[in-house]
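Numbering (my numbering), first residue to last: 1307 to 1452. All C-beta atoms, glycine included, are put in the ideal place defined by N, C-alpha and C. Because the structure is a prediction, the values reported are computed rather than measured. Please read the structure below before turning to the comments.
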């Protein structure tokens, strides 16, 4: 893939007490190769660190990963904190195994609705979405032509 500059910045990390990091590394590499400035926070990242990094890097999006099933708890209030910090329009994505696998399989429409309507995320992704799909969606959301 040819690297280009898109003049967009994203913050990526694993939220809460989750130590799963592989998905974040894959996204980091994919987005950097597509020309994004990526601030990669690693694992076990509190909400405030995402917000501080977004402010410092003038980020266009925050992508939180959660793979231990506690996503709704770890993501609660993130949108409100972003607004309080002046990040009213920042795009918020959540992905991974954000809830227990059985709940993802049986109740995905409700999980997605909860993250979008109640928690204020723009998009929420199942753990089956690959990095190229995430990149295409991010590009579309930021108005970047492929």
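Check                                                                                                                                                                                  : Outcome
Quick check on the DSSP output: what are the complete beta strand (DSSP E) runs of length 3 or more inside the stretch 1415 to 1450, in order along the chain?                         : 1429 to 1431
Label residue 1401 either buried or exposed according to how many other C-beta atoms from any shown protein chain fall within 10 Å of its C-beta, with 16 as the threshold for buried. : buried
Residues in the same chain with beta-carbon distance under 7 Å from residue 1512, minus the five sequence neighbours each way, listed in chain order, please.                          : Examination of residue 1512 is not possible in this model, given that the chain is present from 1307 through 1452 alone.
Taking the beta carbon of residue 1408 as the centre, do at least 16 other beta carbons fall within 10 Å, making it buried, or is it exposed?                                          : exposed
Helix, strand or coil for residue 1384, going by three-state DSSP, please let me know.                                                                                                 : helix
Once you ignore the five residues that flank residue 1314 on each side, which residues in its own chain have a CB closer than 6 Å to its CB?                                           : 1342, 1366, 1448
If you compare alpha carbons, which of 1312, 1421, 1362, 1349 is closest to residue 1323?                                                                                              : 1349
Check each candidate in 1347, 1420, 1362 and name the one with the smallest Cα separation from residue 1379.                                                                           : 1420
For a test of the three-state rule: what should DSSP assign to residue 1307, helix, strand or coil?                                                                                    : Any answer about residue 1307 is weak, because its pLDDT of 46 lies below 50 and its placement is not dependable; what the coordinates show is given next. In this structure, residue 1307 counts as coil in the three-state DSSP scheme.
Would you identify the three-state DSSP class for residue 1332, choosing helix, strand or coil?                                                                                        : helix
If residue 1319 and residue 1356 are in contact, beta carbons under 8 Å, what's the gap, nearest whole angstrom?                                                                       : 6 Å
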